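So the structure is just underneath, and the comments pick up after that.
Number of protein chains: 2
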Amino acid sequence: MEYSVGIIGSGNVAWHFGHAIKKAGHKIKYVSGRNKNTVPTLAAQLNADAMPIKANLKPVDIVVVALSDSIIYDVINIVKPASGIYVHTSGSLPLNIFGRFVDDYGVIYPFQSLTKEIKTDVKETPLCIEASNDKTMSVIQDLSSSISNRVHELGSDKRKYLHLAGVLANNFTNYVYSLSYKMLKDRGLNPHLMEPLIVETANKVLNKNPDEMQTGPARRNNQNIIKLHLELLNEYPEIHQLYSLISEQIVEKYNE
Amino acid sequence: MEYSVGIIGSGNVAWHFGHAIKKAGHKIKYVSGRNKNTVPTLAAQLNADAMPIKANLKPVDIVVVALSDSIIYDVINIVKPASGIYVHTSGSLPLNIFGRFVDDYGVIYPFQSLTKEIKTDVKETPLCIEASNDKTMSVIQDLSSSISNRVHELGSDKRKYLHLAGVLANNFTNYVYSLSYKMLKDRGLNPHLMEPLIVETANKVLNKNPDEMQTGPARRNNQNIIKLHLELLNEYPEIHQLYSLISEQIVEKYNE
C-alpha cells in the first residue's frame, strides 16, 4: 500500500529513510526539524514541505521521528502531534516514548551504519520493528517491507542488545582501524595497505562463526610475538593497553 | 620469467602461495615439511614431489619457507640447503634468518589473512618484499609481481609495524565480532543479523580515513547510553572491560 509520511529530523537516518521511502512509492508530505540548512535541503530532495518543528504538522499515515537519542525527548515535547502512527528509529529507546500523546506508535530501527554521503543499500539493511498494537504493526510491517528485504520483529529488550552488539562491531572496529592507520602513517607506511585485509576480515565471517576464524599470536599463545608487539607499542599507550587486554582475553579463551 | 620453486611448509600461506605460483606458470619442484597429511596433499595439488624435511632437496631458483614463526628456526636447522634463493613469509622475523647458510635470501610477506579453505585473491594481496642484495631483489620482485598486482618493497622494521597493525585490524576485529555474536546468541538473536553492518563498516574505510567515519555513543560522548550499555554488560565481564576501555579512549580522542 502507499502511505503518506512525515519525517522529523534531517540527519543520516532521516536522509536514508526519506530517500528509500520516496523510492518505494510513498508520498512524503513534510520534513520537519530544527536545522535550517539540512531540513530544507532534504525536503527539496524528497519533494516535500520543509516545516519548523513547532508548526501544526499535516496529518499523515506515519510520522518517522529520526532524531538522536539525546534530543528526541526535547523535540517530542515541542511537536504538536496530528493523527498518524509515530515511529522512532533508535536502537536504545523503549517502544513507548510516544505513549503519552498517541495510541499508535512503534519503532523501525535500521541495524546499519548510515552516513548521508555514503550510498548504502537500504533494501539489504535489517530493519527491526516493534509496535504498540496489531493494527499498527501491520502498517509498520507493510511500510518496512516496501523499503527493505530484511524486516525483523524485535522487542525493545532484544533491540537494546542488538544495538550494543552494533556498537562493538561497528564503532569499536572502526576505532581499531583508526589506531592501525595512525601507527602506519607515523611509520611512513601507506595506511591504504590495510584495505584488502580489512575487507577480507569482514567477508570471512559471512555465514561463518568468527570463533573459527580467529588467528594471530594470541590465538596461538605465541608470547614471543606478543612481547615484541608490546615493546613496539611503548610509544602508543592507548594501543598498548588495548593490545594487552584483548590478547589476554584471546589467550584465555583459546588456550586454557 | 619462469622459475623453479620449492616450498617448505604446508599450512595456509604455503597453500595459497603454492597455488598462486603454479597458476602464474612457474614449476614447483617439491613441497617439503613435517606434516604427513598436508605435505603430500599439497604436493599432489601442485604436481610436485612430497619430500621429508631432512631429505637432500633438489636445487631450485627459489625456496619459499612458509612456516610459522615458532617452528621456523627448528626447521632451518634441519634442512640441508641446496642452491637457490631462500625467502620466508613472516611479518615479524628479520630479513637475515637464512644469513648463516646462504648469501641470497629475502622475504615475501603477504599482508592478508589466508586460510586454506577460503578463496582469497592473491592478485589483490599486498606482498611486502625484502632481499639481501640487488640481484636477489630483482628475482623476488619478478616472482612476486607474477602472482600479485600489489608488490611493495619494505624493510624489516616497517614490516614489523605493518604486521602489528594487521593483528589489530584482523585478529582484534575478529575477536570483537565473536564477542558480539556470542551476546546475540545468548539473547536468542540470530548473529547473522550482524553481517550487513560488519561488511559496511569495512567498506566504509576504503579510500577514507576511519577517523572521519567514527560514530557511536562514545564519539558523541553520550554518557547515558554508555552507562546503559555497561549495565547490560554486567554479566559479560570481558566485554564490559573492553567496552569501558575503548569508550574512554574514544571519548578522550574526540571530546577533549
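Heads up: the sequence lines are chains D and U, in that order. Oh and the first sequence: position 254 is 254 in my numbering, straight run, nothing missing. Heads up, my numbering is the position in the second sequence plus 256, with the first residue counted as 1. Backbone N, C-alpha and C fix where the C-beta goes; we use that ideal spot for every residue, glycine too. Note that this is a predicted model, so its numbers are computed, not measured.
Can you check DSSP and say which residues form a bridge with residue i?
i, result
"U:Ile264", "U:Ser288, U:Val321"
"U:His408", "U:Cys384"
"U:Lys283", "U:Ser260"
Taking the beta strand (DSSP E) that residue i falls in, what are its first and last residues?
i, result
"D:Tyr236", "D:Tyr236 -> no beta strand (DSSP E), and no H or E assigned at all."
"D:Ile108", "105-110"
Could you check where the alpha helix (DSSP H) with residue i kicks off and where it finishes?
i, result
"D:Ile173", "Reading off the sequence shown, one finds Thr at residue 173 of chain D, where the question assumed Ile. Unbroken alpha helix (DSSP H) run through D:Thr173: 173-186."
"U:Asp398", "390-403"
"U:Glu456", "451-460"
"D:Thr215", "Neither: D:Thr215 is in no alpha helix (DSSP H) and is coded neither H nor E."
"U:Val423", "Premise fails: U:Val423 is in no alpha helix (DSSP H) and is neither H nor E."
"D:Ala43", "38-45"
What do you reckon, are the CB atoms on residue i and residue j nearer than 8 Å?
i, j, result
"D:Leu127", "D:Ile97", "no"
"D:Met183", "U:Ala421", "yes"
"D:Val87", "D:Tyr73", "no"
"D:Val204", "U:Ser401", "In the sequence under discussion, the amino acid at residue 204 of chain D is Lys, which differs from the Val named in the question. In this structure, U:Ser401 does not lie closer than 8 Å to D:Lys204 by Cβ."
"D:Leu154", "D:Leu143", "no"
"D:Pro196", "U:Thr381", "yes"
"U:Ser326", "D:Asn255", "no"
"U:Ala299", "U:Ile403", "no"
"U:Ser266", "U:Val287", "yes"
"D:Lys158", "U:Leu445", "yes"
"D:Ala48", "D:Ile28", "yes"
"U:Phe428", "D:Val176", "yes"
"U:Leu484", "U:Tyr499", "no"
"U:Asn430", "D:Pro217", "no"
"D:Pro110", "D:Val13", "yes"
"U:Thr345", "U:Val320", "yes"
"U:Pro308", "U:Ala338", "no"
(message) Runs of 4 residues minimum, wholly inside the region 306-345 of chain U: which ones carry the alpha helix (DSSP H) assignment?
(response) Runs of the alpha helix (DSSP H) inside the region 306-345 of chain U: 325-334.
(message) Closer than 7 Å between beta carbons: that is the criterion. Which residues of the region 81-102 of chain D meet it against chain U?
(response) Within the region 81-102 of chain D, the residues whose Cβ lies closer than 7 Å to some Cβ of chain U are Ser92, listed in chain order.
(message) Give me the subset of the region 410-422 of chain U whose CB atoms are less than 9 Å from a CB atom of chain D, sorted by chain position.
(response) Leu410, Asp413, Lys414, Lys416, Tyr417, Leu418, His419, Leu420, Ala421, Gly422
(message) To be precise: take each residue of the region 66-78 of chain D, compare its Cβ to all Cβ atoms of chain U, and keep it if any distance is under 8 Å. Which residues remain?
(response) Ser68, Asp69, Ser70
(message) So if I threshold CB-CB distances at 7 Å, which residues from the region 368-386 of chain U count as touching chain D?
(response) Gln368, Ser369, Ile374, Thr376, Glu380, Thr381, Pro382
(message) Please list, in chain order, the residues of the region 430-444 of chain U that have any C-beta partner in chain D closer than 9 Å.
(response) Asn430, Tyr431, Val432, Tyr433, Ser434, Leu435, Ser436, Tyr437, Lys438, Met439, Leu440, Asp442, Arg443, Gly444
(message) If the cut-off is 8 Å on Cβ atoms, which residues from the region 205-222 of chain D count as contacting chain U, listed in chain order?
(response) Val205, Leu206, Asn207, Asn209, Pro210, Asp211, Met213, Gln214, Thr215, Gly216, Pro217, Ala218, Arg219, Arg220, Asn222
(message) Please identify, using Cβ separations under 9 Å, the residues of the region 305-318 of chain U that lie next to chain D, in order along the chain.
(response) none
(request) Please list the residues of the region 191-202 of chain D that have a C-beta atom closer than 9 Å to any C-beta atom in chain U, keeping them in chain order. (result) Pro191, His192, Leu193, Met194, Glu195, Pro196, Leu197, Ile198, Val199, Glu200, Thr201, Ala202
(request) Could you please tell me which residues of the region 494-505 of chain U, in chain order, have their CB closer than 8 Å to any CB of chain D? (result) Glu494, Ile495, Gln497, Leu498, Tyr499, Leu501, Ile502, Gln505
(message) Short of 7 Å Cβ to Cβ, which residues in the region 288-301 of chain U face chain D?
(response) The region 288-301 of chain U vs chain D, Cβ under 7 Å: nothing.
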